[in-house]
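Here's the structure, in structure tokens; my notes come after.
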Amino acid sequence: MAAAMPGTGHSMATLSVLWRVAVSGFCFAAVMLGGVAFSLVLFPLLRLLPGGRFEYERRVRAVVRLSFAALLRILQATRMLRIEAHNTARLRQLGPVLVLANHPSYLDIVVLIAHIPNAVCVVKSKLWNSPFLGGVVRAAGYIRNDEPETLISNCAERLAAGLPLIIFPEGTRTAPGEPLHFVRGAAHIALSAGVPILPVVMRCEPRVLGKGAKWYEMPARVFRIDLDVQPAITPAALVAKERAGARSLTHALERFFVDRLAMP
């Protein structure tokens, strides 16, 4: 049996990384330029269709969902990504429910929106004001997170309209090597809106596009995103009624996710 040429393994790994960087760059460019094209061309056409603001936003969200699903298919077809999805039937035909997920990767929101019809989410002000994607998130009726005086009421309004709402309780991506740390915003919304909570446990191995990572920092092998949709729960199922404040619920949610992530 012929021995491998010296350095062949290293060369193949280098080529694999270069290929993955190229695909990553293409996908990021497609998302950015697609966002501009949608905002300038497609969304104005959608405004001409019958229906009011909520129907227009529903159509925009359908476009976003289909686009994210297409992006994931590209990443899987190019052997960049493998998705392991468990219990995703719980994500279909959702009504007013608070979808809470931990946040290891930039792609988490892409995976969730691709799986949840008509979902809205809370976005950072940087994305809201982005020249590339700002028009998309505003047209979709997503909610900006830098207006605390109206954040809870805006979330409650979307939930009252029967929409599923996606929130990352950490408020940002998980820092590598750091434990989960939830902030109280999601708990305040859950208690105010009085809707069920649908926890989604996310894993990314090896870690790609995590907190502080660049788009070109790609592994030499396929990375895997796992999402495991847990049964819906209520705040009362996590904390005793007499202790059902935002602080207690936040700690209970944090423990819930830490326990699930510790499972094999």
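So for the sequence shown, the numbering used here puts the first residue at 256; every next one is plus one. Each residue gets a CB set at the ideal place from its N, CA and C atoms; glycine is no exception. All values derive from a computational prediction rather than experimental measurement.
Closest by C-alpha distance to I452, out of R275, F281, V484 and L297, is V484.
Here the alpha carbons of V494 and T505 stand approximately 10 Å from one another.
If you draw a 10 Å sphere on the C-beta of G396, you find 16 or more other C-beta atoms in it, and that means buried. In this structure, I368 sits away from P419, with a CB-CB distance that is not shorter than 8 Å. Under the three-state reduction of DSSP, P454 is assigned to strand. Scanning its chain for C-beta atoms nearer than 8 Å, with the 5 sequence neighbours on each side dropped, one finds around N400 the residues V377, V378, K379, S380, L406, G426 and G440, in chain order. L414 has its alpha-carbon roughly 12 Å from the corresponding atom of I398. Taking 4 residues as the minimum length, the alpha helix (DSSP H) runs contained wholly in the region 442-519 are 490-493 and 501-517, in order along the chain. For R399, the secondary structure class from DSSP, reduced to helix, strand or coil, is strand. Within the same chain, I371 and P419 come within 7 Å of L349 by CB-CB distance, once the 5 residues on both sides are set aside. The region 291-302 and the region 338-356 do not touch, with fewer than three beta-carbon pairs separated by less than 8 Å. The shortest C-alpha to C-alpha distance from A332 to any of G289, F478, G306 and E312 is the one to F478. Secondary structure of V278 (DSSP, three-state): helix.
Using a 10 angstroms sphere on the CB of T269, the tally of other CB atoms stays under 16, which defines it as exposed. DSSP places L418 in the coil class of the three-state scheme, outside both helix and strand. Remark: C-beta atoms of S360 and R275 do not approach each other more closely than 8 Å.
With fewer than 16 other Cβ atoms from the protein chains shown falling within 10 Å of its own Cβ, A277 counts as exposed. The bridge partners DSSP lists for V318 come to none. In summary, V391 is buried, with 16 or more beta-carbon neighbours lying within 10 Å of its beta-carbon over all protein chains present. Annotated three-state conformation of L388 is coil, per DSSP.
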